[in-house]
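Have a look at the structure below before the remarks.
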Amino acid sequence: QKEVEQNSGPLSVPEGAIASLNCTYSDRGSQSFFWYRQYSGKSPELIMSIYSNGDKEDGRFTAQLNKASQYVSLLIRDSQPSDSATYLCAVSGLTGGSQGNLIFGKGTKLSVKP
Amino acid sequence: DTAVSQTPKYLVTQMGNDKSIKCEQNLGHDTMYWYKQDSKKFLKIMFSYNNKELIINETVPNRFSPKSPDKAHLNLHINSLELGDSAVYFCASRGTATYEQYFGPGTRLTVT
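So the sequence lines, in the order shown, correspond to chains A and B.
Taking my numbering as reference, the numbering of the first sequence is continuous, increasing by one, and the terminal residue is 114.
Taking my numbering as reference, the numbering of the second sequence is continuous, increasing by one, and the terminal residue is 1112.
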């Protein structure tokens, strides 16, 4: 069974700090990795995608991928109260009918305190 | 301007009824999905459609049936609703170039 694991939190950080969110996945052949942000009562919103090992930066967000360790992380610099949300890690299936199918972790709830 | 839209936003109904949820995307995407998010917020895929053809079908009850009249629409029909069907249902779509999926606003279904 393909799985994506995240610490459910809540993760609490002070405003201005760096928030670090982590995710591990079981399918070694996975190729595509995503971070979604979901505010309470809203739909998941894609904030980062990463496909190769290393870091990918977009504004205050940095996604990190280590395929050897089957580990994906999201760093949020200068955290703001508006970043308070649940962050979902998603991994794309490998082949056949599951190709493109996203498997989601259960999400990490982030709370940024003013 | 809405990329992926769903109707209705809220749906309250009684056990045993049949209901439908509609989804439309204007992104020109080829693949559309239905997800269920339960009370514990776990998001799980139910179906996907690619060019009007079902390509994956996770282990959902056959009371749930996706219907796609064209590439831009994927509706979800649910027969004989049960209490356990209460959840938020999200529609999503993606193009062919990447595996990035974009979600609709969700439909909160409450079965009483």
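Think of the CB as a built atom: it goes at the ideal place given N, C-alpha and C, for glycine as much as any other residue.
Residue state for residue 111/A is assigned as strand, using DSSP reduced to three classes. With a beta-carbon spacing of about 19 Å, residue 1106/B and residue 84/A fall beyond the 8 Å limit used to define contacts.
Closer than 8 Å at the C-beta level to chain A, one finds these residues of the region 1018-1032 of chain B: 1031. Residue contact check for residue 100/A against chain B: a CB pair falls below 8 Å.
The beta carbons of residue 1070/B and residue 1078/B sit no closer together than 8 Å.
Between residue 7/A and residue 1045/B, the C-beta spacing is not below 8 Å.
Taking 9 Å as the Cβ-Cβ cut-off, the region 46-70 of chain A approaches chain B at 46, 49 and 51, given in chain order. Residue 1084/B sits in a helix when the DSSP states are folded into three classes.
Among the residues of chain B, those whose CB is under 7 Å from the CB of residue 86/A are 1041, following chain order.
Per DSSP, the continuous beta strand (DSSP E) segment holding residue 1005/B begins and ends at 1004-1007.
Identification of chain A residues near residue 1106/B by a Cβ-Cβ cut-off of 7 Å yields 43, ordered along the chain.
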